[in-house]
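Peer 1: Numbering (numbering that gives the first Met the number 0), first residue to last: 0 to 759.
Built from N, CA and C at the ideal position, the CB exists for glycine as well.
This is the structure I want to talk about, given as structure tokens.
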Amino acid sequence: MATTRGALQRVKIHLNGAVQGVGFRPFVYNLAHRLQLKGYVINDGFGVFIEVEGEPHAIDQFLIRLQTEKPPLAHIFSQEVEYLSTPAGYTDFTIQKSDAETPKEVFILPDVTTCNACLQELMNPADRRYRYPFINCTNCGPRFSIIEALPYDRPNTSMKRFTMCPECQQEYDNPTNRRFHAQPNACPVCGPQITLLTAEGTIQTEREAALQHTIQLLKEGHIVAIKGIGGYHLACRADWDDPVQMLRERKRRNEKPFAVMFPTLEAIQRIAEVTEQEAGLILSPAHPIVLVRKRLPFRLSEWVAPGLNKLGVFLPYSPLHHLLLHDLGIPLVMTSANLSDEPIVKDDEEALQKLPRFVDFLLVHNRPIVNRADDSVVRVMAGTPVPIRRSRGYAPLPIPLQLPLHRPVLAMGAHQKNTIALAQANRVILSQHIGDLETADALANYEQIVERFLQLYEFTPEVIVVDAHPRYHSTRHGEHLGQRWGIPVIALQHHVAHGLALMAERHLPIEQPFLAFSWDGTGYGLDGTIWGGEVLEIQFPQFTRRAFFEPFRLLGGERAVKEPRRVALSVLFHLFGEQVLDMDVPPVRAFSPRETRILFQAWKKGINAPFTSSVGRLFDAIASLIGLQQVLSYEGQSGSRMEDLYQPEITGAYPFEITEGKIQWAPLVQALLKDRSPMEVKISRFINTLAEVVIQITTNWPHAAGVTGGVFQNRPLTERILARAAEEGRTILIHQRVPPNDGGIALGQAIYGGYLASLP
Ligand code: ZN
Ligand code: ZN
Ligand code: FE
């Protein structure tokens, strides 16, 4: 049950790159034939499109070998893969003729991981760019992070301040050279340089000496801020407790896991269990952070990802990373440099102002970062890669739509994990991860990114779509812009936006009815409560709330989001009233008797205790009731720990009832309280119960259905639902190109505004 990958699988692969006229399609043809895969390859307006079907293992191999065996002149800048469960029944693999009229789309590429040719030069003592941390060529190097305006020419990038030396200029002008028109072309004579600074900002060392010095410092266990492609990282060795613990203390980040960068895939495999499919993702062009299972005993510091059996891993993607990791040979914690809830630090003055409290030294360089881009995060669920954060390496690639939109739309996103979108014709440009809009700096950054995107794409929206929450900053900013430009601003309910995002990325016809299970932490409901456990029947542009979890109170409002014990108490009060004060259960023990009494009064009178139907909170309540987690150290912690304890061989579930569209969790909680099984069993039965809710509700639903919202970052829940659906002969869709969390909201908003027949 660990995976639901059937006997046959079909994938769609969208590639961008320098792949035309270099023998790429014949290579794809031969590789597909060797692996006995059927389908076709074709050039399209976005690059190259491949569709293959066959054995899942052969498809994994195909994706890996696409990267490792491609012709030397073929360069893949980006790759996005969609998995389909229904085979198309191809009988052969063919090279299809492309429509010669297909217009070449103008779009901004994401930053491209250092290519092999550049890596060889980087490590070759005879090369003039030997150990030069900014080596790049037409096929690799920074793109989105350095662009100020289109077209993508050097004067429109942050490389404009560097004048090419005669040798570089010659390469740039020579059509037969690998650096012909490589906009960031540079060398040690004319290009950017690195400098090592103390936390006070004093120059320590420069160039190669700075590199050597940094390596020495990291070896000794220091924490160093390192300026990268899309922002600064905080780095320290991942195999020693002291630096990692120190970093946690300084960042006041108690338990939230850190990502680790390894020198090679082999080094990752020594520390973690990596499936073939995960290896393919780790090696894929974006070099995202991939969540993999720790090998036990864990050979890095426990402080890297405390209390979890998974780890975010990635490979070096810039020449500077390669030099550091190659020389060190030790995995490094590489976490985004930011104060909590603030954007990743990208500017040097900002770094010197904000980072010294975290680090001993800063490794900086003088190539300005124009556009921030955090590392992307992906995990494999049910045999499918699912984005958790779509940013560096993917954004701002367009997401193609089935049908053209009626008008250009600006979508403002939600409040957490914000992204924005510009949508026009048959594509949606989804921004990089902007993050939570909590602090003044985060808001300023958000407004700048909106401004920059409009200006970069010379985009004039005819409508703005915002979340229905009237107090979200994104909503207010959207209203402000709408007023300024005199265009309509439409509010779209949060969980409908989740559902539409899923429909859009899975290319469902917009007029077709769709059943969306939109389960997350929080979203503004249309009845004065907080929604988050919704089953929505979408019949565009209408929707009905077909079912939802029986609402319960959030004791203390926002505080309940951080304290599962408050949610658990509320659930208990709901079931047992005042008797709870005498119960001997973990959430009651987690408070003093006085506190419990006060909370009971607040519950009874409804003081600062709004109602919610949130499944995210229900996870929290269960985590508290079974004694796993009373207070969270980071968002999503209880769910993340629960999924690690899930036992796939346990198939039982707890009872539940659906009465008048309300999913009653009372029988579930009552059964769980009586269950004397170990914690793992209770967690498994709880998660299985949620899966049964989905299965029961889809039983007589004749149209497409899918699951969306932050809750579906949970791997066992998602896999259990898909496995049970397969048993029942049903298909339930999951996200593959945008995150199920609020990072995908802007896509749903965008198509809503774009497909509406008429505007208000
Ligand atoms: Zn290169
Ligand atoms: Zn030069
Ligand atoms: Fe949400």
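Using three-state DSSP, classify H476 as helix, strand or coil.
Peer 2: As a first step, residue 476 must be located in the sequence shown, where it is residue number 477. Correct three-state label for H476: helix.
Peer 1: In terms of alpha-carbon separation, which member of I75, I41 and L30 lies closest to R64?
Peer 2: Numbered from its first residue, the sequence shown carries residue 64 at position 65. R64 has its Cα closest to that of L30, out of I75, I41 and L30.
Peer 1: By how many angstroms is the C-alpha of F261 removed from the C-alpha of S760?
Peer 2: The chain is shown from 0 up to 759; residue 760 falls before or after that span and cannot be answered.
Peer 1: For the alpha helix (DSSP H) that F599 lies in, which residues bound it at each end?
Peer 2: For the purposes of this step, residue 599 is taken as residue 600 along the sequence shown, with counting starting at 1. P592 to K604 is the span of the alpha helix (DSSP H), which, as asked, contains F599.
Peer 1: Keeping to the same chain, check which residues put their C-beta closer than 7 Å to that of G306; ignore five residues upstream and five downstream.
Peer 2: Here residue 306 is taken as the residue at index 307 of the sequence shown, counted from 1. Around G306: E254 and R640.
Peer 1: Taking 8 Å as the threshold (C-beta atoms), are V47 and L14 in contact?
Peer 2: On the sequence shown, position 15 is the one that residue 14 refers to. On the sequence shown, position 48 is the one that residue 47 refers to. In contact: L14 and V47 (Cβ atoms closer than 8 Å).
Peer 1: For P355 versus A198, is the C-beta spacing smaller than 8 Å?
Peer 2: Position 356 of the sequence shown, counting from 1, holds the residue named residue 355. Position 199 of the sequence shown, counting from 1, holds the residue named residue 198. A contact, by the Cβ cut-off of 8 Å.
Peer 1: Which whole-angstrom value is the C-beta distance of A73 and G140, which I expect to be below 8 Å?
Peer 2: Locating residue 73 in the sequence shown gives position 74, where the first residue counts as 1. Locating residue 140 in the sequence shown gives position 141, where the first residue counts as 1. 17 Å between Cβ atoms; not a contact.
Peer 1: Which residues bound the beta strand (DSSP E) around G638?
Peer 2: Sequence index remark: in the sequence shown, residue 638 carries index 639 (1-based). From DSSP, G638 is part of no beta strand (DSSP E) but of the alpha helix (DSSP H) over Q636 to L644.
Peer 1: Looking at the secondary structure, which residues open and close the beta strand (DSSP E) in which D43 lies?
Peer 2: Position 44 of the sequence shown, counted from the first residue, corresponds to residue 43. K37 to D43 is the extent of the beta strand (DSSP E) around D43.
Peer 1: How long is the line joining the alpha carbons of C235 and D110, rounded to whole angstroms?
Peer 2: One-based indexing of the sequence shown puts residue 235 at position 236. One-based indexing of the sequence shown puts residue 110 at position 111. Approximately 24 Å, taken between the alpha carbons.
Peer 1: Below 8 Å, how does it come out for the stretch 357-373 and the stretch 458-471: are there three or more Cβ pairs, yes or no?
Peer 2: Contact between the stretch 357-373 and the stretch 458-471 is absent, because fewer than three Cβ pairs lie under 8 Å.
Peer 1: Can you name, in chain order, every residue of its own chain whose Cβ lies under 6 Å from the Cβ of L571, other than the five neighbours on each side?
Peer 2: Position 572 of the sequence shown, counted from the first residue, corresponds to residue 571. Cβ neighbours of L571 beyond the five flanking positions: V579.
Peer 1: Would the C-beta of A116 count as close to ligand 1, meaning under 7 Å from any of its heavy atoms?
Peer 2: The residue given as residue 116 occupies position 117 in the sequence shown. For ligand 1, at least one heavy atom lies less than 7 Å from the Cβ of A116.
Peer 1: Pull up the distance between the alpha-carbon of E81 and that of E549, whole angstroms please.
Peer 2: For the purposes of this step, residue 81 is identified with residue 82 of the sequence shown, where counting begins at 1. For the purposes of this step, residue 549 is identified with residue 550 of the sequence shown, where counting begins at 1. One C-alpha to the other measures close to 35 Å.
Peer 1: Excluding the 5 residues flanking I686 on each side, which residues of the same chain have their C-beta closer than 8 Å to its C-beta?
Peer 2: Sequence index remark: in the sequence shown, residue 686 carries index 687 (1-based). Correct list, in chain order: M641, E642, Y645, N713, P715, L716 and R719.
Peer 1: Locate the beta strand (DSSP E) running through G532, then write down its first and last residues.
Peer 2: Position 533 of the sequence shown holds residue 532. It spans I529 to Q538 - the beta strand (DSSP E) in which G532 sits, taken as one unbroken run.
Peer 1: Once you ignore the five residues that flank I606 on each side, which residues in its own chain have a CB closer than 6 Å to its CB?
Peer 2: Start at 1 with the first residue of the sequence shown, and residue 606 comes out as number 607. Correct list: empty, nothing qualifies.
Peer 1: Under the assumption that P187 contacts R128 (Cβ atoms under 8 Å), give the Cβ distance between them as a whole number of angstroms.
Peer 2: As a first step, residue 187 must be located in the sequence shown, where it is residue number 188. As a first step, residue 128 must be located in the sequence shown, where it is residue number 129. Confirmed, Cβ separation roughly 7 Å.
Peer 1: Cβ of G524 within 7 Å of any heavy atom in ligand 3?
Peer 2: For the purposes of this step, residue 524 is identified with residue 525 of the sequence shown, where counting begins at 1. Flag unset: Cβ of G524 not near ligand 3.
Peer 1: Between which residues of its own chain and A413 is the CB-CB distance below 6 Å, once the five residues before and five after are set aside?
Peer 2: Your numbering for residue 413 matches position 414 in the sequence shown. Contacts found: D466, D741 and I744.
Peer 1: Can you have a look at G615 and say buried or exposed, based on whether 16 or more other CB atoms are within 10 angstroms of its CB?
Peer 2: Locating residue 615 in the sequence shown gives position 616, where the first residue counts as 1. Flag for G615 reads buried.
Peer 1: Just verifying my parser: in three-state terms, what is the DSSP assignment at G229?
Peer 2: Position 230 of the sequence shown, counted from the start, is the residue given in the question as residue 229. Of the three classes helix, strand and coil, the one that applies to G229 here is coil, per DSSP.
Peer 1: Which two residues bound the contiguous alpha helix (DSSP H) that contains L568?
Peer 2: What you label residue 568 is simply residue 569 of the sequence shown in a count that begins at 1. It spans P563 to F575 - the alpha helix (DSSP H) in which L568 sits, taken as one unbroken run.
Peer 1: Within the stretch 318-398, note down every full beta strand (DSSP E) run reaching 3 residues or more, in order along the chain.
Peer 2: Counting whole runs of 3 or more residues, the stretch 318-398 contains the beta strand (DSSP E) stretches 331-335, 360-364, 376-380 and 383-388.
Peer 1: The beta strand (DSSP E) spanning V291 covers which residue range?
Peer 2: Your numbering for residue 291 matches position 292 in the sequence shown. Its beta strand (DSSP E) spans residues I288 to K293.
Peer 1: Which residue's Cα is closest to the Cα of T85: F106, Q78, L396 and E50?
Peer 2: As a first step, residue 85 must be located in the sequence shown, where it is residue number 86. For T85, the nearest C-alpha among the options comes from E50.
Peer 1: Are there 16 or more other CB atoms within 10 angstroms of the CB of Q401, so buried, or fewer, so exposed?
Peer 2: Against the sequence shown, residue 401 aligns to sequence position 402. Exposed, because fewer than 16 other Cβ atoms sit within 10 Å of the Cβ of Q401.
Peer 1: I need the residues with a C-beta less than 5 Å from some heavy atom of ligand 2; please give them in chain order.
Peer 2: Selection output, chain order preserved: C164, C167, C186, V188 and C189.
Peer 1: I believe H573 touches W530 by the beta-carbon criterion, under 8 Å. Please report the beta-carbon distance rounded to the nearest angstrom.
Peer 2: Here the question's residue 573 lines up with position 574 in the sequence shown. Here the question's residue 530 lines up with position 531 in the sequence shown. At roughly 18 Å, the Cβ-Cβ gap does not stay under 8 Å, so H573 and W530 are not in contact.
Peer 1: Bridge partners for I419 per DSSP, in chain order?
Peer 2: Here the question's residue 419 lines up with position 420 in the sequence shown. Answer by DSSP bridge pairing: none, since I419 is not bridged.
Peer 1: To which residues does DSSP link F106 through a beta bridge?
Peer 2: Numbered from 1 along the sequence shown, position 107 holds the residue referred to as residue 106. Looking at the DSSP assignment, F106 forms no beta bridge with any residue, so it has no partner.
Peer 1: Assess, as a yes-or-no matter, whether the stretch 430-447 is touched by the stretch 385-399 under the definition of 3 or more beta carbon pairs within less than 8 Å.
Peer 2: These segments touch.
Peer 1: How far does the beta strand (DSSP E) with L429 in it reach, from first residue to last?
Peer 2: Counting from one through the sequence shown, the residue named residue 429 turns up at place 430. Counting along the chain, the beta strand (DSSP E) containing L429 begins and ends at R426 to L429.
Peer 1: Pop quiz: D440 and E341 are said to be a contact at Cβ under 8 Å. What is the actual Cβ separation, rounded to whole angstroms?
Peer 2: For this step, residue 440 is matched to residue 441 along the sequence shown. For this step, residue 341 is matched to residue 342 along the sequence shown. With 8 Å as the limit, D440 and E341 qualify as a contact, their Cβ atoms being about 5 Å apart.
Peer 1: On a Cα-Cα basis, can you pick out the residue from G708, V427, T418 and Q168 that is closest to V449?
Peer 2: To locate residue 449, count along the sequence shown from 1; it is residue 450. Checked all of G708, V427, T418 and Q168; the closest Cα to V449 is T418.
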